[in-house]
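Worksheet: the structure to be examined is printed underneath.
Next up, the structure:
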């Protein structure tokens, strides 16, 4: 039957049928070599409806392709359980949002420039991201504002990594208002959902994700700190550099267990393999804490492109040099690139100011 009749009988638009054909899910039974017109067999109607039902359930195209080659009731049951789990995570995220909104502020609190309840402290920030010497694309994204310093390091290849990192960098500042560390974590959880939904819905983005490390100024003058993956935050206080975050990677776990020395990590075959990232699962475990800071303290938020090139001592040497935050950011990135620049390099520095 012609594509028009097949479309009418299957309930799928011609555009959707062409998409499934392009993905190798539902190839036409015949194609007119002169006109390119497509024809389908009546026996393909059932397959078309199954494919479309799975797609509407959010099953990735690659998984549908595998299923159609070897249908399995066990696989359908597994997807059903996953949907139930996803729904539970969504309900938990909504419950978190209700809890955060249960105050005198409206549901989506936005700071009012005319309000007298302003931050007693502010952040003086500067940030820069650089493609480095070897990469073809920059899959990092940064945020540098008076109340938020953020670095996201995308993964999954071009364009997925870039899309994931920018999604996090756009969504988190829109949600975080400085209320609490829980609010910042909720913003990260929302970014996780947004990235995963995009990856499931769009062909070619399966497996994309991003790290996240963000330091946000709270109304009481403390910093809220969250991280997932191996982007880091350091505190520069009284001439000393302290790492505030723990990497979520296979080599970091080996180091914690005493099975690997830190200096040996770059030579390990699984170096750089993450154990957590945004966008790869319905829920994500987020490290969170609040940090007491003083005027003049500086927070360094960076991607692994910095600390894979420079040791903690070299980062501390750069922080000790005179200069404003912009000069120090440039100095750190220039040093990392001069040392090799094998990855994208991103740094945001936030100085606590009155």
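Numbering (the numbering used here), first residue to last: 677 to 1030.
Every residue, glycine too, gets a C-beta built ideally from N, C-alpha and C.
Just so it is clear, the structure is predicted and the values come from calculations on it, not from any experiment.
Please name the residue, chosen from the options, that lies closest to residue i on a Cα-to-Cα basis.
| i | options | result |
| --- | --- | --- |
| residue 705 | 689, 691 and 723 | 723 |
| residue 922 | 913, 904 and 934 | 904 |
| residue 988 | 911, 808 and 718 | 911 |
| residue 890 | 971, 938, 755 and 822 | 822 |
| residue 719 | 685, 899, 836 and 852 | 685 |
| residue 915 | 745, 690 and 974 | 974 |
| residue 925 | 958, 957, 939 and 887 | 887 |
| residue 820 | 892, 1030 and 943 | 892 |
| residue 692 | 728, 943, 712 and 809 | 728 |
| residue 836 | 849, 874, 824 and 866 | 874 |
| residue 758 | 868, 687 and 958 | 958 |
| residue 972 | 868, 721, 1018 and 797 | 797 |
| residue 899 | 970, 687, 929 and 1018 | 970 |
| residue 868 | 849, 960 and 982 | 960 |
| residue 1022 | 990, 982, 1030 and 996 | 982 |
With respect to the beta strand (DSSP E) encompassing residue i, which residues constitute its N-terminal and C-terminal limits?
| i | result |
| --- | --- |
| residue 1027 | 1021-1029 |
| residue 696 | Note, residue 696: premise wrong, no beta strand (DSSP E); alpha helix (DSSP H) at 690-698. |
| residue 916 | 916-919 |
| residue 830 | 824-831 |
| residue 892 | 888-893 |
| residue 729 | Careful: residue 729 lies outside any beta strand (DSSP E), inside the alpha helix (DSSP H) at 721-732. |
| residue 909 | 908-913 |
| residue 963 | 963-967 |
Taking 8 Å as the cut-off, decide whether the C-beta atoms of residue i and residue j are in contact.
| i | j | result |
| --- | --- | --- |
| residue 803 | residue 976 | no |
| residue 629 | residue 730 | Any answer about residue 629 is impossible in this case: the structure gives the chain only from 677 up to 1030. |
| residue 906 | residue 1000 | no |
| residue 927 | residue 946 | yes |
| residue 805 | residue 814 | yes |
| residue 854 | residue 953 | no |
| residue 840 | residue 710 | no |
| residue 818 | residue 967 | no |
| residue 851 | residue 962 | no |
| residue 992 | residue 1008 | no |
Just the C-alpha distance for residue i and residue j, rounded to the nearest angstrom, thanks.
| i | j | result |
| --- | --- | --- |
| residue 998 | residue 699 | 56 Å |
| residue 935 | residue 949 | 16 Å |
| residue 829 | residue 895 | 28 Å |
| residue 739 | residue 978 | 35 Å |
| residue 882 | residue 1003 | 39 Å |
| residue 761 | residue 807 | 38 Å |
| residue 734 | residue 696 | 15 Å |
| residue 750 | residue 726 | 16 Å |
| residue 913 | residue 933 | 29 Å |
| residue 827 | residue 742 | 36 Å |
| residue 1026 | residue 753 | 49 Å |
| residue 746 | residue 702 | 14 Å |
| residue 940 | residue 930 | 11 Å |
| residue 809 | residue 1010 | 11 Å |
| residue 1030 | residue 824 | 15 Å |
| residue 831 | residue 990 | 26 Å |
| residue 1094 | residue 944 | With the chain covering only 677 through 1030, there is no way to say anything about residue 1094. |
| residue 748 | residue 721 | 19 Å |
Any beta carbon of chain D sitting closer than 8 Å to that of residue i?
| i | result |
| --- | --- |
| residue 1028 | Absent from the structure is chain D; it holds one protein chain and no more. |
Once you ignore the five residues that flank residue i on each side, which residues in its own chain have a CB closer than 7 Å to its CB?
| i | result |
| --- | --- |
| residue 870 | 843 and 847 |
| residue 876 | 734 and 736 |
| residue 787 | With a pLDDT of only 43 at residue 787, under the threshold of 50, the placement of this residue in the model should not be trusted, and no figure is reported. |
Which same chain residues end up closer than 6 Å to residue i when comparing Cβ atoms and leaving out the 5 residues on each side of it in sequence?
| i | result |
| --- | --- |
| residue 985 | 1012, 1015 and 1016 |
| residue 811 | 1020 |
| residue 714 | 679, 704 and 707 |
| residue 964 | 857, 861 and 902 |
| residue 682 | 716 |
| residue 938 | 931 |
What are the start and end residues of the alpha helix (DSSP H) that includes residue i?
| i | result |
| --- | --- |
| residue 846 | 836-851 |
| residue 1007 | 1001-1014 |
Just to confirm my understanding: we take residue i, look at its own chain, exclude 5 residues before and 5 after, and list those with CB closer than 8 Å. What are they?
| i | result |
| --- | --- |
| residue 942 | 984 |
| residue 677 | 685, 715, 716, 717 and 718 |
Does the distance between the C-beta of residue i and the nearest non-hydrogen atom of the ligand NAP fall short of 7 Å?
| i | result |
| --- | --- |
| residue 853 | As presented, the structure is devoid of all ligands, the ligand NAP included, so that no description of it is given. |
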